[in-house]
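Take any residue in the sequence shown, note its place counting from 1, add 62, and you have its number in our numbering. Glycine residues also receive a C-beta, built at the ideal position from the N, C-alpha and C atoms. Fair warning: this is a prediction, and the values are worked out from it, not measured in the lab. For reference, the structure discussed in these notes is given below.
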Amino acid sequence: AMAQDEDENGGENTVAPACVNKWGNDSVETAKQLSLFNQYYQEKKYVEAFPYWEYLFINAPCIQKRIMYAGPFIIKKVLREDAYKARFEGLVDTLLMSEDMRIEFFGQEGYVLAKKADDMAKLAPKRRAEALAIFSKSIQLEGDNTKDDVPADYIYAGVKEYVKEKLTLDQLFLILDEITPVIDNNIAKYNAAGVSAKDSALGVKWLSTQEAVIGMMKPYLSCDKLTELKQPAFVANKTNVDWLKSTVKLLDRGGCESSDFYLQCSEVLFGLEPSSAAALSLAKSFGKQGDDRKATSYYNKAADLASSDEERYDIYIKLAKTAKNNGQYSSVRDYARKALGVNPNSGEAYILIGDAYSASAASCGTGDLGRGGVYLVAADKYMKARSVDGSVASEANSKIANISGSFPDKQTAFFKGVIVGSSYTVGCWIGESTTVRFNGE
C-alpha cells in the first residue's frame with residue numbers, strides 16, 4: 063500500500079521504550095540530518111528526503127516516530143526512481159526491517175505486521191509464503207480490530223500463490239475461513255442501527271472489502287463453500303439488514319440463488335425490508351426449486367410492491383406464463399386480466415387467455431358444440447389481441463388458423479338446434495359467450 067501511515071506524524075519527541083542512545087553517536091550530525099529530513103518531508107519531496115531518512119534510520123532510528131512510521135512510504139517512492147533500481151532488493155529489505163524496528167520501538171505488533179505482510183507479498187514475491195504466515199499472525203493478534211484493507215490484501219497474496227501452484231485450494235480456503243468471521247463481525251458492528259457517521263463509513267468499507275474478497279475468490283467458490291462460510295453467522299445477524307443484503311448478494315454472485323440458505327436469508331431480508339425486487343428474486347428462486355406455490359406468492363407480493371404500472375404489468379404477464387406452463391389455465395386468465403387492468407391494449411394478455419381456452423378444449427368441451435365451442439371463444443381472444451395490438455397480429459392470425467379447423471361442424475350443430483350467428487355459452491371455468499360460426503365458413 064502506498065498510503066502514508068495514519069500515525070506517521072505523531073510523537074515527534076517520543077522516546078521509544080526500547081530506544082538506546084536516541085541521538086546516536088554524533089548528536090550534532092543527527093540534528094542536522096533530522097532538520098533536512100523534516101524540511102523535505104514536509105514539502106512532500108520524499109525522494110529528496112530519503113538520504114537523510116536513511117542516515118537517521120541507521121544512526122538514530124528512534125529519534126522520531128516519523129522515521130519508523132514514514133519509512134515504508136518513502137522507500138516505495140524511491141523504488142520508482144531509476145537512480146535506485148540497482149538497490150531495489152536491498153531497499154525492500156530495509157523497508158521490511160523498518161517495520162520490524164517500528165514494532166520493537168513503538169509496539170502495535172498486529173497492525174504493523176499486516177503492513178509488513180502486504181509489502182513483502184508485493185515487493186518480494188519470492189517471500190510470499192512467509193508473507194502469508196505474517197498475515198495470519200496479524201489476524202490472530204488483531205482479531206476484529208483488523209483494518210478493513212487487510213483481508214483483501216491477504217486473499218490477494220493467497221490467490222497469487224495458488225495461481226503459481228505454491229498453495230493448494232484447501233490452503234486458500236483456510237485463509238478465507240480465517241478472514242470471513244472478521245469481515246462478518248465488522249459488517250455487523252459498523253452497519254448496526256444508530257451508529258455514527260464515521261462508523262457507517264467504516265461499514266461501507268467493510269462491505270467493499272467483502273466484495274473485493276469474493277471477487278478474487280469467485281472462480282474457486284462453490285455454493286456449498288459459500289454456505290459453509292456464511293451460515294455460522296446467520297443467527298447472530300438475522301436482524302442485520304446490511305449483513306443479509308451482502309450475504310444474499312454474495313450467494314447470488316456465486317450462482318446459489320436456488321439454495322436453501324440463499325432462500326432462508328432472502329426470506330428473512332424480505333420480512334425486514336420488503337421490496338418488489340426482493341420479492342421477484344425470491345419468486346424466481348422458488349420457481350427454480352419447483353415450489354410454484356411460493357413462487358406465485360412472491361410474484362403477487364412483487365406486483366403489490368411494484369413502483370410503476372410497467373413493472374406491475376410485467377409481473378402479471380410472468381405470472382400468467384408461469385400458470386400456463388403449470389397447466390393452471392384459470393389462473394392464466396386471472397393474471398392476464400390483471401395485466402389488462404394495467405394495460406387494456408395488451409395483445410399478449412389476450413393471447414394468453416386464448417391459449418388457456420384452447421388448452422382447456424378437452425376438459426371444457428362438454429356443451430352442445432363440444433370442443434369446437436371452446437375453440438370459438440379462444441379465437442375471439444386472438445381476434446381481440448390483433449385488434450388492440452398490431453404487434454401481435456401475425457401471432458394471433460397463426461393461432462386462429464391452427465384452431466379454425468376445429469370449429470363446430472355445421473351438421474352436428476344442426477342436430478343440436480344451434481344455428482350460425484346465434485349466441486353460445488361455454489360453461490366450465492370459462493363461462494363466456496360467443497357467436498356461433500362453423501368449420502369452413
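Classify residue i: buried if its beta carbon has 16 or more other beta carbons within 10 angstroms, exposed otherwise.
i: Leu231; result: exposed
i: Thr575; result: Past the edges of the chain, shown from 63 to 503, lies residue 575, and the structure says nothing about it.
i: Glu372; result: exposed
i: Lys280; result: exposed
i: Asp451; result: buried
i: Tyr391; result: buried
i: Thr358; result: buried
i: Phe348; result: buried
i: Ser460; result: exposed
i: Val82; result: exposed
i: Thr497; result: exposed
i: Ala176; result: buried
i: Val297; result: exposed
i: Gln101; result: exposed
i: Gly256; result: exposed
i: Gln95; result: buried
i: Val212; result: buried
i: Asp239; result: exposed
i: Val480; result: buried
Spatial neighbours of residue i within its chain, please: CB distance less than 6 Å, with the 5 preceding and 5 following residues excluded, ordered by chain position.
i: Cys490; result: Cys426
i: Trp115; result: Phe99, Ile136
i: Thr301; result: none
i: Lys446; result: Tyr412
i: Tyr224; result: Leu234
i: Asp396; result: none
i: Tyr103; result: Ala111
i: Ser327; result: It is Cys, not Ser, that sits at residue 327 in the sequence shown. For Cys327, where only same-chain residues beyond five positions count, the Cβ hits under 6 Å are Leu306, Thr309, Val310.
i: Thr487; result: Ser495
i: Asp354; result: Asn388
i: Phe197; result: Ala179, Tyr216
Who are residue i's beta bridge partners in DSSP?
i: Thr487; result: Ser495
Using C-beta distances below 7 Å, list every residue in its chain close to residue i, excluding the 5 sequence neighbours before and after it, in chain order.
i: Gly493; result: none
i: Phe112; result: Ile136, Val140
i: Glu410; result: Ile379, Val454
i: Ser308; result: Ile249, Leu269, Gln272
i: Val154; result: Leu185, Ala186
i: Gly133; result: Trp115, Phe119, Leu157, Ser160
i: Ala401; result: Tyr375, Tyr378, Ile379, Ala382, Ser408, Ala411
i: Val335; result: Note that residue 335 is Glu in the sequence shown, not Val. The residues are Val303.
i: Leu367; result: Pro336, Ser337, Ser338, Ala341
Using the C-alpha atoms, what's the distance from residue j back to residue i?
i: Lys380; j: Lys443; result: 19 Å
i: Arg399; j: Cys285; result: 39 Å
i: Ala345; j: Ile249; result: 27 Å
i: Asn362; j: Ile237; result: 43 Å
i: Thr271; j: Phe323; result: 22 Å
i: Tyr437; j: Ala382; result: 20 Å
i: Ser262; j: Gly152; result: 42 Å
i: Pro243; j: Met182; result: 25 Å
i: Gln293; j: Val310; result: 11 Å
i: Ala214; j: Lys228; result: 19 Å
i: Lys356; j: Leu288; result: 24 Å
i: Val221; j: Arg190; result: 11 Å
i: Arg499; j: Ile462; result: 13 Å
i: Asn247; j: Ala193; result: 24 Å
i: Ser330; j: Ala423; result: The identity of residue 330 in the sequence shown is Val, whereas the question assumes Ser. Approximately 43 Å, taken between the alpha carbons.
i: Gly265; j: Asp144; result: 40 Å
i: Ser338; j: Val482; result: 49 Å
i: Ala295; j: Asn464; result: 57 Å
i: Tyr252; j: Val174; result: 23 Å
i: Tyr108; j: Ser369; result: 55 Å
i: Lys199; j: Ala259; result: 31 Å
i: Leu203; j: Gln170; result: 10 Å
Tell me which residues share the same chain as residue i and place their Cβ nearer than 8 Å to its Cβ, disregarding the 5 neighbours each side in the sequence.
i: Asn501; result: Gly434, Ser466, Gly467, Ser468, Phe469, Pro470, Asp471, Lys472
i: Lys84; result: Val77, Ala122, Cys124, Ile125
i: Ile276; result: Leu283, Leu312, Arg315, Gly316
i: Lys386; result: Val394, Leu414, Asp417, Ala418, Ala421
i: Phe150; result: Leu141
i: Leu342; result: Tyr360, Tyr361, Ala364, Ile377
i: Leu325; result: Leu344, Ser347, Phe348, Gln351
Quick one: is the Cβ of residue i within less than 6 Å of any heavy atom of the ligand MN?
i: Lys138; result: This structure does not include the ligand MN; it has no bound ligands of any sort.
* To do: Can you check the stretch 93-144 for any alpha helix (DSSP H) of at least 4 residues that lies completely inside it and give the ranges in chain order?
  => Counting only unbroken stretches of 4 or more residues, the alpha helix (DSSP H) elements lying wholly within the stretch 93-144 are 108-121, 127-140, in sequence order.
* Any alpha helix (DSSP H) of 4 or more consecutive residues that is wholly inside the stretch 360-420 -> 371-387, 391-404
* Ignoring anything shorter than 4 residues or poking outside the stretch 219-303, list the alpha helix (DSSP H) runs there in chain order. => 231-252, 259-279, 285-292, 296-299
* Sequence ranges, alpha helix (DSSP H) only - wholly within the stretch 437-468, length at least 4 -> 455-466
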